[in-house]
Structures are given as C-alpha cells and as structure tokens.
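A.B. asks: Input: one structure, supplied below.
Protein chains: 2
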Amino acid sequence: MGLKHEMIAQDLAEKIKHQQFLPGDFLPSEKQLCELYGTSRETTRKALNHLAELGLIQKLKGKGSLVLDIQKYTFPISGITSFQELNDSLGLHAQTKVLQQKTGAAPKYFGQTPIEAKKAIFIERLRIIDQQPAVLDQDYLLDPPITVLPKDVAQHSLYAYLENELGLEIDYATKEITVEQVEPAIAEKLALKANEPAVVVRSLSYLADTTPFQLTTSYHRPDKFKFIDFARRKKLNH
Amino acid sequence: MGLKHEMIAQDLAEKIKHQQFLPGDFLPSEKQLCELYGTSRETTRKALNHLAELGLIQKLKGKGSLVLDIQKYTFPISGITSFQELNDSLGLHAQTKVLQQKTGAAPKYFGQTPIEAKKAIFIERLRIIDQQPAVLDQDYLLDPPITVLPKDVAQHSLYAYLENELGLEIDYATKEITVEQVEPAIAEKLALKANEPAVVVRSLSYLADTTPFQLTTSYHRPDKFKFIDFARRKKLNH
DNA sequence: TAGTGGTCTAGACCACCTC
DNA sequence: AGGTGGTCTAGACCACTAT
Numbered sequence: 001m002g003l004k005h006e007m008i009a010q011d012l013a014e015k016i017k018h019q020q021f022l023p024g025d026f027l028p029s030e031k032q033l034c035e036l037y038g039t040s041r042e043t044t045r046k047a048l049n050h051l052a053e054l055g056l057i058q059k060l061k062g063k064g065s066l067v068l069d070i071q072k073y074t075f076p077i078s079g080i081t082s083f084q085e086l087n088d089s090l091g092l093h094a095q096t097k098v099l100q101q102k103t104g105a106a107p108k109y110f111g112q113t114p115i116e117a118k119k120a121i122f123i124e125r126l127r128i129i130d131q132q133p134a135v136l137d138q139d140y141l142l143d144p145p146i147t148v149l150p151k152d153v154a155q156h157s158l159y160a161y162l163e164n165e166l167g168l169e170i171d172y173a174t175k176e177i178t179v180e181q182v183e184p185a186i187a188e189k190l191a192l193k194a195n196e197p198a199v200v201v202r203s204l205s206y207l208a209d210t211t212p213f214q215l216t217t218s219y220h221r222p223d224k225f226k227f228i229d230f231a232r233r234k235k236l237n238h
Numbered sequence: 001m002g003l004k005h006e007m008i009a010q011d012l013a014e015k016i017k018h019q020q021f022l023p024g025d026f027l028p029s030e031k032q033l034c035e036l037y038g039t040s041r042e043t044t045r046k047a048l049n050h051l052a053e054l055g056l057i058q059k060l061k062g063k064g065s066l067v068l069d070i071q072k073y074t075f076p077i078s079g080i081t082s083f084q085e086l087n088d089s090l091g092l093h094a095q096t097k098v099l100q101q102k103t104g105a106a107p108k109y110f111g112q113t114p115i116e117a118k119k120a121i122f123i124e125r126l127r128i129i130d131q132q133p134a135v136l137d138q139d140y141l142l143d144p145p146i147t148v149l150p151k152d153v154a155q156h157s158l159y160a161y162l163e164n165e166l167g168l169e170i171d172y173a174t175k176e177i178t179v180e181q182v183e184p185a186i187a188e189k190l191a192l193k194a195n196e197p198a199v200v201v202r203s204l205s206y207l208a209d210t211t212p213f214q215l216t217t218s219y220h221r222p223d224k225f226k227f228i229d230f231a232r233r234k235k236l237n238h
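Protein sequences appear in the order of chains A and B.
So in UniProt numbering, spot 97 of the first sequence is number 97, and the numbers just go up one at a time.
So in UniProt numbering, spot 47 of the second sequence is number 47, and the numbers just go up one at a time.
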C-alpha cells in the first residue's frame, strides 16, 4: 500500500532531516518535483502540504517551499505521540518500569464523555529519566477493541503493538492538561515534595472508526514537564 | 476573495454548531455536497478535510462524514488563538487590565532562536476571570513589522487589529509549556501563594512570509490553567 | 450491486514574485 | 515575461460498506 503522496512526503522529510535540504533553502519547485517523482501536480502538492502542516516547510506564494528551522525542537511532540517514539527521536535514553498490569472494569466516564466498553486492561508505568522519576502513566486499554496484551508490550512500545501487531488505526485524541494536587500514593511514586502539584495530562484516544480505545492519565513531575507545540493558525470565522 | 472550499467549510461548520447536523449524524455525501454547492469533488473534499482536521467530523470510508461530539470542549483552544477569541467563544466574560505599554529594545533571543528585530512594543496585560487574576501576558510586538499600536488595541483584540487593520497574515507559532517558580513581581500580580509555581507558556508567532512578529510569555495561575487539545495522529515514519 | 470515500490525473486560470 | 504556488475542474479507477 504505497500512497504516492506519502512516499514523496517521507522522501522529502528524510532529505530535510539528513540536511540534504538546509533551513533557509527552497525545495525544488512543484513542477520539478512532479517530474522527479513522475506524479501530477495535485499529488505533489498533497505531499508538500503535509510537510507544511508538520512545520517542516513553509510555502511562499510566487517563491517556493522554504525549509524551516524548527523541527529539531518541535518535530514529534505535538499530535499523538507515544513515550517510546519521543524517547527514540529525542535520544532521551529513558527507562520504563511497569508497576502494574491487570484486567478489570473500565471507567464509566472520561470527563463528560461516557465510556461504553465495560472491561479494560489497566497498566501503570513509571518513566524514569536520568535516574529520576519523571512521569507516571496510567492507561486503560478498552475491551473491546483490545482483548489481550502480551506481558512485554507495556515495557516497550504499546503503539507499535497496537498498530503493527493488531493492525489498529490510531487516528485522533482529545487531550487536557491541568496542574493539580495528587493523591499521596501518586505523589510518592513521583517523589514529589509535600504539597507539590503535578502536571496532569488526561487523554482519550480513538481509532479511525471512532471507537475509543485508550484512556490515559499521565502525571508529570512539574520540573520535568515540557510540552512543545507547533501550531498553525486555523481560522474558521465568519 | 471568497474561496469556494472555505465557504463550504464555514457553511457546514455553522450548521454543525447550530445543531442542524447533530453528533452521530452523517453529512450529505460528497456527491450531494458537490451538487448542493455547485463545485467539483476535490473542492468539496478540501472543505471536508478542513473540518476533519478541526475535529468537527470524522470521515469513514464507504460510509460518510460523521459529525463528532467533541467540539464543545475542544473547538477553539488548540492552534493559535487569542485570549479575546477564547473569551468570546467560551463566554468567559473575562476582563483585561493593561498594566503597561511602551516601546523599547526587542529581546535578542527566544530560547535558542535569535531575534533580528531591534525594536519592539512591550505590552503587559492581566487577565481577570471571576474577579480573580488568572493570566499575566507579556508581549513583545516586533518592529518591524509592527511599528505603532494605538492605545486601545491592547485592551481589546490584538489579533483582530493585526489581521484586519494592518492586514498581516498570522500563520504559525511555536509554543512551549513549562511549570516554573516565577519572580516575586509576577507572583504578586497573579496573587500566587509563597513558592507556588506558575504555568509558563512561551510562544513565538510568525507571519505567512516567515517573519516573526510576536513573542509572548504567559504566566498562568496553576489552578486556573487548562489546555485542551484535539490532535490527529501524524505518522511520518520510515 | 450500488453508494461511499480515497487517490490520482492532466489540464486550466489566477495572483504573486523576480527580472 | 516567465516562474512560482493557489484554486478549481471533470473525469478516472480503487477499496470499503452496505443490501
């Protein structure tokens, strides 16, 4: 299943990451890229628009596609990204300690959203960076659609297992970030000082068919927390 | 300048917001929408894809475009949105108190990014919600491209002025969220308790021609801070 | 089988930038 | 004037979902 516009986007992204196109350079023109890849203009443009959304390039009318300089900080952080992916791409050499994995009842609500699945697999994982606890992740993997989870998956990449082994199409998530006092058990696991709050990220993730499949609460040590985002202005006013 | 795909997107977004299409409904098929708006398929699809990016609909192969239920929480918050826009669309009836407005030197760096503009207009604004200080915004509006700022603009909507009066095209931003101890002067303005940290959002915003124009540091009271995001999974792996 | 969305094409016209 | 990206069209073929 090789979509042309995705292959072009990946190829150009590779070349940008590997410095074959430097920040400040212009990519070849759309016409040239069409000839290079043997594709029509709309297909080539779809690839370029994808790169623009990610913040890798900026398209300038009448001039060309300019390579931006922000990927090093921004690249994989916004959007839906797993801890493992982040760890890999930022070279954090972090460590994951699985504290619990068990099956049980699913939460009935996530904020105001009612959850239909009755069962769930609960995982609790502590992320350790530089010998210091940094993040405590509590995940409910909803059943359906996830019925079993091999023991070692939680230790490594959950998303790789869901996408590659189970063939699930992870598509979108709603996320909420707040700062809160947390219960003593959690504070202890994160080695928080007395009354020190944690950054709490709650997210509900969906498959392409709109089934919710994962409900996550991440507790971050405030001194280790950093959220980086690249955002384009989305106007939809009237 | 009425782009067809934008007009279709706005029209459909209106109808979703005004409950003419309910969550769980399918929009008319692409073919029907083409006939309805008198446009080609690709143009209609561009509008639908825009709505999908915003999280208003989810496209399902072989079925149709499903109206999602998340806009009420998520709608205008992620991306680049001004406080005034948020205030309006969430009905926060917040209050803005302009503490300072003066011209001076621009900061030389924003994180690792060097700033070329030498001059800047500095604005300090306190956002008050329910009689309580909630956010302290410090903005540097870079000169160039912004040379003057009428007195009352800071009190109302800066973005409306930049986009509508100056005709600037606000396009993208990099944003960084951390939790930090802040200097006493700032802690006092936010009425923070002793040693209570603030949520600090630093952002650098750019025009469509890649000129940086605004450098903002927002200090949030942690108990008032909430960041809501709708994110689609962006894969660009190899 | 009929309807749906997903991808792709080969053209057209326009607005913008540069020379 | 010539090159660039932005928009739009009218088709085509495919894969998926229903019945």
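No residue lacks a Cβ here, since even glycine has one placed at the ideal position from N, Cα and C.
Source: prediction; values computed, not measured.
Please go through the same chain and pick out, in chain order, the residues whose beta-carbon is closer than 7 Å to the beta-carbon of B/T178, but skip the five residues on each side of it.
C.D. replies: Correct list, in chain order: V200.
A.B. asks: What is the rounded straight-line gap between the Cα of B/Y161 and the Cα of B/S218?
C.D. replies: Approximately 20 Å, taken between the alpha carbons.
A.B. asks: Once DSSP output is grouped into helix, strand and coil, what is the label at B/Q155?
C.D. replies: Reduced to three states, the DSSP call for B/Q155 is coil.
A.B. asks: Among residues of its own chain, excluding the 5 on either side of B/A47, which ones have a beta-carbon nearer than 6 Å to its beta-carbon?
C.D. replies: Excluding residues within five positions, the ones whose Cβ falls inside 6 Å are H5, I8 and A9.
A.B. asks: For the alpha helix (DSSP H) containing A/K17, list its first residue and its last residue.
C.D. replies: Looking at the DSSP string, the run of the alpha helix (DSSP H) that includes A/K17 is K4 to K17.
A.B. asks: What is the DSSP secondary structure of B/K193, reduced to helix, strand or coil?
C.D. replies: Note: B/K193 maps to coil in three-state DSSP.
A.B. asks: Identify the continuous beta strand (DSSP E) that holds B/Q181 and give its terminal residues.
C.D. replies: Here B/Q181 belongs to no beta strand (DSSP E), and DSSP marks it neither H nor E.
A.B. asks: Between which two residues does the alpha helix (DSSP H) carrying B/H50 extend?
C.D. replies: R41 to L54 is the span of the alpha helix (DSSP H), which, as asked, contains B/H50.
A.B. asks: Residues of chain A with CB under 7 Å from residue 239 of chain B, in chain order?
C.D. replies: Nothing in the structure corresponds to residue 239 of chain B, since chain B is present only between 1 and 238.
A.B. asks: Using the Cβ count rule (16 or more neighbours within 10 Å means buried), how would you classify A/F75?
C.D. replies: Its pLDDT being 48, under 50, A/F75 is placed unreliably by the model, and the measurement read from it follows with that caveat. Counting Cβ neighbours within 10 Å, A/F75 comes out buried, since at least 16 surround it.
A.B. asks: Hey, out of B/P197, B/Q138 and B/R41, whose CA is closest to B/A106's CA?
C.D. replies: Checking every option, the nearest Cα to that of B/A106 belongs to B/Q138.
A.B. asks: Are three or more beta carbon pairs between the segment 181-196 of chain B and the segment 166-173 of chain A nearer than 8 Å?
C.D. replies: The segment 181-196 of chain B vs the segment 166-173 of chain A: no contact.
A.B. asks: Tell me where the beta strand (DSSP E) around A/Y206 begins and ends.
C.D. replies: From DSSP, the beta strand (DSSP E) with A/Y206 extends over A198 to L207.
A.B. asks: From the beta carbon of B/I115, is the nearest beta carbon of chain A less than 8 Å away?
C.D. replies: By this cut-off, B/I115 is not an interface position.
A.B. asks: Using the beta-carbon count (16 or more within 10 Å), is B/A194 buried or exposed?
C.D. replies: So B/A194 counts as exposed.
A.B. asks: Is the CB of B/T44 under 8 Å away from at least one CB in chain A?
C.D. replies: For B/T44, the answer is no, since every Cβ of chain A falls outside 8 Å of its Cβ.
A.B. asks: For B/T39, which residues in the same chain have their Cβ closer than 6 Å to its Cβ, ignoring the five residues on either side in sequence?
C.D. replies: Result list for B/T39: K4, in chain order.
A.B. asks: Are there 16 or more other CB atoms within 10 angstroms of the CB of B/E14, so buried, or fewer, so exposed?
C.D. replies: Exposed: under 16 other Cβ atoms inside 10 Å.
A.B. asks: Taking B/Q58 as the query, report the chain A residues whose CB atoms sit under 7 Å from its CB, ordered along the chain.
C.D. replies: Residues of chain A passing the Cβ test: T210.
A.B. asks: Excluding five sequence neighbours on each side, which residues of the same chain lie with their C-beta closer than 7 Å to the C-beta of A/F21?
C.D. replies: Excluding sequence neighbours, A/F21 sits near K15, L27 and V67.
A.B. asks: Got a sec: is the Cβ-Cβ distance from B/F26 to anything in chain A below 8 Å?
C.D. replies: No, B/F26 lies away from the interface with chain A (no Cβ there is under 8 Å from its Cβ).
A.B. asks: Is the CB-CB distance between B/P145 and B/F227 below 8 Å?
C.D. replies: No, they are not a contact pair.
A.B. asks: According to DSSP, is A/E163 part of a helix, a strand, or is it coil?
C.D. replies: Reduced to three states, the DSSP call for A/E163 is helix.
A.B. asks: Can you pull the chain B residues whose beta carbon is under 8 Å from the beta carbon of A/L66, in chain order?
C.D. replies: Correct list: T210.
A.B. asks: Mind checking which residues open and close the alpha helix (DSSP H) that includes A/L33?
C.D. replies: Its alpha helix (DSSP H) spans residues E30 to Y37.
A.B. asks: Let me check one thing: in DSSP terms, what residues is A/K97 bridge-paired to?
C.D. replies: Note: A/K97 sits in a beta bridge opposite A/L126.
A.B. asks: Between the alpha carbons of B/Q132 and B/D88, how many angstroms are there, rounded?
C.D. replies: Roughly 18 Å between the two C-alpha positions.
A.B. asks: Please report the distance separating the alpha-carbon of A/R221 from that of B/S205.
C.D. replies: Their backbone Cα atoms lie some 28 Å apart in a straight line.
A.B. asks: B/G55 touches chain A at which residues, Cβ-Cβ below 9 Å?
C.D. replies: Those within 9 Å of B/G55 in chain A are Y172 and T174.
A.B. asks: So for B/F75, helix, strand or coil by DSSP?
C.D. replies: In this prediction, B/F75 scores a pLDDT of 46, lower than 50, which makes its location untrustworthy; no coordinate-derived value is stated.
A.B. asks: Is B/T39 close to chain A, meaning its C-beta is less than 8 Å from at least one C-beta of that chain?
C.D. replies: Taking Cβ atoms only, chain A never reaches closer than 8 Å to B/T39, which makes this a no.
A.B. asks: Going along chain A, which residues have a C-beta under 9 Å from B/I228?
C.D. replies: By Cβ distance, chain A contributes T174, K175, E176 and I177.
A.B. asks: Using a cut-off of 9 Å between C-beta atoms, extract the partners of A/F225 located in chain B.
C.D. replies: Those are I177, T178 and V179, listed as they occur along chain B.
A.B. asks: Sorted by chain position, which residues of the same chain lie with C-beta nearer than 6 Å to B/Q101's C-beta, five sequence neighbours on each side aside?
C.D. replies: Within the same chain, B/Q101 has close Cβ partners I123 and A154.
A.B. asks: For A/D143, which residues from the same chain have a beta carbon less than 7 Å from its beta carbon, with the 5 sequence-adjacent residues on both sides left out?
C.D. replies: Counting only Cβ-Cβ distances below 7 Å, and skipping sequence neighbours, we find A117, K119, A120 and I121.
A.B. asks: Which residue from A/F110, A/K31, A/G55 and A/K234 puts its Cα closest to that of A/G62?
C.D. replies: When each option's Cα is compared against that of A/G62, the closest is A/K31.
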